[in-house]
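Plus 73 on top of the position in the sequence shown (first one is 1) and you've got our numbering. Remarks on the structure that follows.
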Amino acid sequence: GGARWAYVFGSGLLFLFVSQVITRIALALYYVPAQNDAHVTVSYIVKVVSGGAFLRSLHAYGASAVIVVLLLHIAQTLLYGAYKGRRELVWIAGCALFALMLGMAFTGYLLPWDQKAYFATAVGTNVMDELPVLGNLLKRLLRGGNQMGTITISRFFVLHVFVLPTLIAAFIAIHIYLFRKVGPAGPIEEDPVTPRQPA
């Protein structure tokens, strides 16, 4: 019980994630994570593969939609006070999901291997270099050395297609389990710590 339009953002995010997984699998069938081949295979997907431009657009625009809906979901959670009381663990799992989704956006941005992706990723990894103690190590680990090339693309591809989606799926399961256990919060006028459960 308790399904309402006010709670659509979480379900929307789940739908978008499943859509991203399906389009990611279809795109990965053609993509080659190598310096000389990455951009060529993206062009091949868009120009030659039947429905390839649609799939790539669905994946790219879906990634942007995930971030927008995620921000709306967070805003609603803050507005409803749904991070308080017995929902603290739901909030913590949601924050972990937010960080993982930003990681997906960061790793996916490099994969087309065009100038915009190259320089944006160069800036992003250089920012990591400014972190104290582990910054340079983290930058070199992500890049696979000092310069970006095939190893960088390969590492970002593995993170984007295998590691991060697995972690996201695990945290989605945790998030949904905890949400179902404590129930929804809201509307705004209710006490977020002890809300009235909808009939």
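The beta carbon of each residue, even a glycine, is placed where N, CA and C say it ideally should be.
{"Query": "Considering just the uninterrupted stretch of the alpha helix (DSSP H) at M201, what are its terminal residues?", "Result": "Q188 to D202"}
{"Query": "Can you tell me the Cα-Cα spacing of A195 and Q188, whole angstroms?", "Result": "10 Å"}
{"Query": "Can you give me the Cβ contacts of Y156 inside the same chain, cut-off strictly under 7 Å, excluding the 5 residues immediately before and after it?", "Result": "T150 and W164"}
{"Query": "What is the DSSP secondary structure of A243, counted as helix, strand or coil?", "Result": "helix"}
{"Query": "Are there 16 or more other CB atoms within 10 angstroms of the CB of V231, so buried, or fewer, so exposed?", "Result": "exposed"}
{"Query": "Would you mind reading off the limits of the alpha helix (DSSP H) that contains R216?", "Result": "G208 to R216"}
{"Query": "Determine the burial state of P205: buried for a count of at least 16 other Cβ atoms within 10 Å of its Cβ, exposed for fewer.", "Result": "exposed"}
{"Query": "Cutting at 6 Å between CB atoms, please list the residues of its own chain near V115, excluding the five before and the five after it.", "Result": "P185"}
{"Query": "When burial is assigned at 16 or more other CB atoms within 10 Å of the CB, is P271 buried or exposed?", "Result": "At P271 the pLDDT is 48, less than 50, meaning the model places this residue with poor confidence; the figure from the coordinates comes in the next sentence. Exposed, because fewer than 16 other Cβ atoms sit within 10 Å of the Cβ of P271."}
{"Query": "Can you have a look at Q93 and say buried or exposed, based on whether 16 or more other CB atoms are within 10 angstroms of its CB?", "Result": "buried"}
{"Query": "Starting from Q149, follow the alpha helix (DSSP H) in both directions and report where the run begins and ends.", "Result": "G125 to Y153"}
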